[in-house]
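Colleague: I am attaching a structure below and will ask some questions about it afterwards.
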Amino acid sequence: EAGVTQSPRYAVLQEGQAVSFWCDPISGHDTLYWYQQPRDQGPQLLVYFRDEAVIDNSQLPSDRFSAVRPKGTNSTLKIQSAKQGDTATYLCASSPLGPDTQYFGPGTRLLVL
Amino acid sequence: GEQVEQRPPHLSVPEGDSAVIICTYTDSATAYFYWYKQEPGAGLQLLMSVFSNVDRKEEQGLTVLLNKKDKQLSLNLTAAHPGDSAVYFCAVSADTGNYKYVFGAGTRLKVIA
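Respectively, the protein sequence lines represent chains A and B. Each number in my numbering corresponds to the 1-based position in the first sequence with 28 added. Each number in my numbering corresponds to the 1-based position in the second sequence with 513 added.
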């Protein structure tokens, strides 16, 4: 069974540029999570979906970040105008419905210059 | 909200010794506990998951202890080897219908050959 896949693996931007990250969860997993992991810190939840619905986006900087999961499968996280403080690894995870283990993708490492 | 403190932030042990990492959480409703391993440039790999009705779980050289009274979770790597060198994270979630993880800040383990 294929794991969670993410692309791109790396991105380097100038401040003010936009970038999109893509995530393909494990087949059959209802719930999809996006995390931001700054260097030398633990992952911090940005947003999560159950099917196509946003369940919690309270930690998503809504002025510049957006996330969608239109068909309840793949998901895209977009940063509209990147700042140096957005430099981090962006992790996607998925899980079956309920209190189940989250399975993580390899992440996208973003550097904003 | 839930707070998770993880210690130590750095740990160096000789090959063959044991390594112990401890997490302390704050929310009494916390019911699910996880340990993940992250190698350089990679996502998070699940090591073990524990539900709150379990005090001790052992798998493949790893022992997880859960002390609900003190709200403490520990991971013990017995007979560590250089391949265990990585960053380890604990994660917890509550049994409230919202199964968001809260992560510790991580422990960077180095096993010296």
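Just so it is clear, CB atoms sit at the ideal spot from N, CA and C, and this is done for glycine as well. Please read all numbers here as calculations on a predicted model, not as lab measurements.
Kindly give me the distance between the Cβ atoms of Leu524 of chain B and Ile535 of chain B, rounded to whole angstroms, as I take these residues to be in contact under 8 Å.
Modeller: Actually they do not touch by this definition, with Cβ atoms about 11 Å apart.
Colleague: Who are the neighbours of Gly133 of chain A on chain B, taking C-beta pairs under 7 Å?
Modeller: Those within 7 Å of Gly133 of chain A in chain B are Gly556.
Colleague: Start and end of the beta strand (DSSP E) containing Ala46 of chain A?
Modeller: Element bounds for Ala46 of chain A: n/a, residue is neither H nor E.
Colleague: Is the beta carbon of Phe546 of chain B closer than 9 Å to that of Val526 of chain B?
Modeller: Not closer than 9 Å, so no.
Colleague: Considering His628 of chain B, what are the terminal residues of the beta strand (DSSP E) in which it resides?
Modeller: For residue 628 of chain B there is no data in the structure shown, the boundaries of chain B being 514 and 626.
Colleague: Alpha carbons only, please: which of B:Ala555, B:Trp548, B:Val567 is nearest the one belonging to Tyr38 of chain A?
Modeller: It is B:Ala555.
Colleague: Straight-line CA distance for Trp62 of chain A to Trp50 of chain A?
Modeller: Rounded to the nearest angstrom, the two C-alpha atoms are 10 Å apart.
Colleague: Would you verify that the beta carbon of Ala618 of chain B is, or is not, closer than 9 Å to some beta carbon of chain A?
Modeller: By this cut-off, Ala618 of chain B is an interface position.
Colleague: Under three-state DSSP, which class holds Gln87 of chain A?
Modeller: Reduced to three states, the DSSP call for Gln87 of chain A is coil.
Colleague: Since Val605 of chain B sits in a beta bridge, which residues does DSSP pair it with?
Modeller: For Val605 of chain B, which the question treats as bridged, DSSP gives the partners B:Phe546, B:Val615.
Colleague: Given 8 Å as the limit, is there contact between the stretch 587–604 of chain B and the stretch 106–118 of chain A, that is, 3 or more CB pairs closer than that?
Modeller: No, because fewer than three Cβ pairs between the stretch 587–604 of chain B and the stretch 106–118 of chain A fall closer than 8 Å, the two stretches do not touch.
Colleague: Helix, strand or coil, according to DSSP, for Gln72 of chain A in the structure here?
Modeller: Residue state, collapsed to three classes: strand.
Colleague: Let me check one thing: in DSSP terms, what residues is Asp52 of chain A bridge-paired to?
Modeller: Per DSSP, A:Thr33.
Colleague: Hey, does Lys613 of chain B have any beta-carbon neighbour from chain A nearer than 9 Å?
Modeller: Yes, because at least one Cβ of chain A sits closer than 9 Å to the Cβ of Lys613 of chain B.
Colleague: Can you round the beta-carbon distance between Glu528 of chain B and Ala593 of chain B to whole angstroms, since I take them to be within the 8 Å contact cut?
Modeller: Indeed, because the Cβ distance is near 7 Å, the residues count as touching under 8 Å.
Colleague: Excluding the five sequence neighbours on either side, which residues of its own chain have a C-beta within less than 7 Å of the C-beta of Pro521 of chain B, listed in chain order?
Modeller: Here the set comprises Thr620.
Colleague: If you follow the beta strand (DSSP E) that Lys106 of chain A is part of, which residue opens it and which one closes it?
Modeller: Per DSSP, Lys106 of chain A belongs to the beta strand (DSSP E) from 103–107.
Colleague: For Asn102 of chain A, collect the residues of the same chain with a Cβ closer than 7 Å to its Cβ; drop the 5 residues on either side in sequence, then sort them by chain order.
Modeller: Within the same chain, Asn102 of chain A has close Cβ partners Trp50, Cys51, Asp52.
Colleague: Taking any Cβ of chain B, which residues in the stretch 70–98 of chain A have a Cβ under 9 Å from it, in chain order?
Modeller: Flagged, chain order: Gly70, Pro71, Gln72, Leu73, Tyr76, Ile83, Asp84.
Colleague: Taking a cut of 8 Å between CB atoms, which residues from the stretch 541–567 of chain B lie near chain A?
Modeller: Residues Ala544, Tyr545, Tyr547, Tyr549, Gly554, Ala555, Gly556, Leu557, Gln558, Leu559, Ser562.
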